[in-house]
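Under the UniProt record's numbering, read the sequence shown as residues 1 to 257, first letter to last.
These notes are about the structure you will find just below.
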Amino acid sequence: MARNIQSLERAAAMLRLLAGGERRLGLSDIASSLDLAKGTAHGILRTLQAEGFVEQDDASGRYQLGAELLRLGTTYLDVHELRARALVWTDDLARSSGESVHLGVLHQQGVLIVHHVFRPDDSRQVLEIGAMQPLHCTALGKVLSAYDPVAHSEALESDRKAFTDRTVCELDAFEQILDLTRARGYAADVEETWEGVASVAAPIHDRRRMPVGAVGITGAVERLCRSDEAGALRPELIAAVRDCARAVSRDLGAGRF
C-alpha cells in the first residue's frame with residue numbers, strides 16, 4: 001500500500017487549522033496545535049505562503065488563509081454550478097442532435113472536459129470527463145479563446161501544433177478565426193483536430209456576462225456537415241448548440257442575449 005506524504009499531510013492539517021478559527025494564529029500556536037517543531041511548522045508555512053495559500057500579517061506576524069485558496073474554491077463552485085445547470089440542457093442537445101455533447105472550461109493552456117453526454121445510440125463510447133483538448137483547433141477551445149481574454153492569452157502562448165493538415169497554427173490566421181467566431185457566435189472544427197471528426201461549440205456566460213465555459217457537439221463529418229457544401233456544418237445543428245448555450249447561460253443568470 002502506498003504511504004502518504006508526511007509533509008503534505010502536515011500542510012493539509014495546517015490549512016484546516018487556519019480555516020477552523022476566526023482569528024489569525026501565530027507560529028507557536030500552529031506548531032503546538034499540530035505537535036510540530038517550530039522550525040518544521042515555519043518551513044511549511046513559508047511554502048504555503050509562497051504559493052498564496054497562506055498570508056502573514058505584517059504587524060503581528062500571525063498567519064491566516066490566503067487568497068489563492070479562495071480562488072480555487074470559487075473555481076470549483078463555478079464549475080460545479082455550471083455542470084449542474086447544464087445537465088438537462090446537454091441531455092436535450094444530445095437527444096435532438098443525435099451526437100455526443102461536451103462541456104468544457106479553461107484549464108491551464110487547454111480545455112478541460114467537465115461533462116460529457118454520450119451519443120444516444122448503441123455504439124461503444126468512452127467517457128471523456130477529465131480529458132484535455134487544445135485551445136487553438138477544437139471548437140470548444142476556439143470559443144473560449146474568442147470570448148475569454150485569459151484563454152486567448154493562453155492560446156497565444158501555447159504550442160499551436162498541427163494535428164491534421166487542416167489545423168490552423170499561424171497566429172494571424174488564428175486571430176481571424178477568433179474574429180469570425182465572435183461575429184457569428186459559434187466555432188467550428190472540421191477535421192482540424194481529428195481526421196473524419198467535426199464539432200461545433202458556443203459560449204456560456206454567467207450573470208456577470210462573463211464567459212465561464214463552452215458547450216458543443218462532436219461527431220462524424222458526414223453527419224455534422226452538409227452534403228452539398230464541403231466543410232460546411234449543418235445549420236440546424238449550429239442552431240441547436242447555440243440554443244443550448246443560451247439556455248445554460250440564462251440558468252446561470254446571464255439574462256437574454
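Yeah, the Cβ is synthetic: ideal placement off N, Cα and C, and Gly gets one too.
Keep in mind it's a predicted model, so treat the numbers as computed, not measured.
Inset, instruction - Kindly give me the distance between the Cβ atoms of residue 214 and residue 202, rounded to whole angstroms, as I take these residues to be in contact under 8 Å. - result: Position 214 of the sequence shown, counted from the start, is the residue given in the question as residue 214. Position 202 of the sequence shown, counted from the start, is the residue given in the question as residue 202. With 8 Å as the limit, residue 214 and residue 202 qualify as a contact, their Cβ atoms being about 7 Å apart.
Inset, instruction - Tell me whether the beta-carbon of residue 139 lies closer than 8 Å to the beta-carbon of residue 86. - result: The residue labelled residue 139 in the question sits at position 139 within the sequence shown. The residue labelled residue 86 in the question sits at position 86 within the sequence shown. In this structure, residue 86 does not lie closer than 8 Å to residue 139 by Cβ.
Legend entry - Which of helix, strand or coil DSSP assigns to residue 14: Numbered from 1 along the sequence shown, position 14 holds the residue referred to as residue 14. Helix, per DSSP.
Inset, instruction - Have a look at 224, 43, 251 and flag the residue whose alpha-carbon is nearest the alpha-carbon of residue 239. - result: Numbered from 1 along the sequence shown, position 239 holds the residue referred to as residue 239. Closest by alpha carbon: 224.
Inset, instruction - Please say whether residue 79 and residue 105 have beta carbons closer to each other than 8 Å? - result: Within the sequence shown, numbered from 1, the residue matching residue 105 stands at position 105. Within the sequence shown, numbered from 1, the residue matching residue 79 stands at position 79. Yes, they are a contact pair.
Inset, instruction - Can you give me the start and stop residues for the alpha helix (DSSP H) that residue 217 sits inside? - result: Locating residue 217 in the sequence shown gives position 217, counting from the first residue. Premise fails: residue 217 lies in the beta strand (DSSP E), 211-220, not in any alpha helix (DSSP H).
Inset, instruction - Could you name each continuous alpha helix (DSSP H) segment of 4 residues or more that falls completely within the stretch 102-128, going from the start of the chain to the end? - result: none
Legend entry - Bounding residues of the alpha helix (DSSP H) (the contiguous stretch that carries residue 177): Taking the first residue of the sequence shown as 1, we reach residue 177 at position 177. Start and end: 171-184.
Inset, instruction - Could you check which residue in 250, 251, 237, 254 has the C-alpha nearest to that of residue 96? - result: Counting from one through the sequence shown, the residue named residue 96 turns up at place 96. Closest by alpha carbon: 237.
Legend entry - Boundaries (first-last residue) of the alpha helix (DSSP H) holding residue 316: Given that the chain is displayed from residue 1 to residue 257, the structure contains no residue 316 and the question cannot be resolved.
Inset, instruction - List in chain order: all unbroken alpha helix (DSSP H) runs of 4+ residues lying wholly within the stretch 23-49. - result: 27-34
Legend entry - Inter-residue Cα distance where the pair is residue 108 and residue 154: Indexing the sequence shown from 1 puts residue 108 at position 108. Indexing the sequence shown from 1 puts residue 154 at position 154. Straight-line Cα distance between these residues: approximately 7 Å.
Inset, instruction - Taking residue 177 and residue 190 to be in contact with their CB atoms under 8 Å, please state how far apart those CB atoms are, rounded to whole angstroms. - result: Taking the first residue of the sequence shown as position 1, residue 177 is located at position 177. Taking the first residue of the sequence shown as position 1, residue 190 is located at position 190. Not quite, the Cβ-Cβ distance comes to about 12 Å (not below 8 Å), so this is no contact.
Inset, instruction - State buried or exposed for residue 150, treating a residue as buried only when at least 16 other CB atoms are found within 10 Å of its CB. - result: By one-based count along the sequence shown, residue 150 stands at place 150. Classification for residue 150: exposed.
Inset, instruction - With a 10 Å radius around its C-beta and 16 neighbouring C-beta atoms as the bar for buried, classify residue 220 as buried or exposed. - result: Here residue 220 is taken as the residue at index 220 of the sequence shown, counted from 1. The residue is exposed, with fewer than 16 neighbouring Cβ atoms inside 10 Å.
Legend entry - Simplified DSSP assignment, three categories, for residue 205: Within the sequence shown, the letter at position 205 stands for residue 205. DSSP places residue 205 in strand when its eight states are reduced to three.
Legend entry - Extent of the continuous beta strand (DSSP E) to which residue 55 belongs: By 1-based counting over the sequence shown, the position of residue 55 is 55. Segment 54-56, the beta strand (DSSP E) holding residue 55.
Inset, instruction - Output the distance between the C-alpha atoms of residue 233 and residue 92, rounded to the nearest integer angstrom. - result: As a working note, residue 233 is residue 233 in the sequence shown. As a working note, residue 92 is residue 92 in the sequence shown. Going from the Cα of residue 233 to the Cα of residue 92 covers about 20 Å.
Inset, instruction - Consult DSSP for residue 148 and reduce its assignment to one of helix, strand or coil. - result: On the sequence shown, residue 148 is found 148 positions in, with the first residue counted as 1. Of the three classes helix, strand and coil, the one that applies to residue 148 here is coil, per DSSP.
Inset, instruction - Report, in whole angstroms, the separation of the C-beta atoms of residue 135 and residue 114, which I expect to be a contact under 8 Å. - result: As a working mapping, residue 135 is identified with position 135 in the sequence shown. As a working mapping, residue 114 is identified with position 114 in the sequence shown. Not really, about 15 Å apart at Cβ, beyond 8 Å.
Inset, instruction - Identify, in the order they occur along the chain, each residue of the same chain with its Cβ nearer than 7 Å to the Cβ of residue 8, setting aside the five sequence neighbours on each side. - result: Walking along the sequence shown from the start, residue 8 turns up at place 8. Once the five neighbours on either side are set aside, residue 8 has no close Cβ partner at all.
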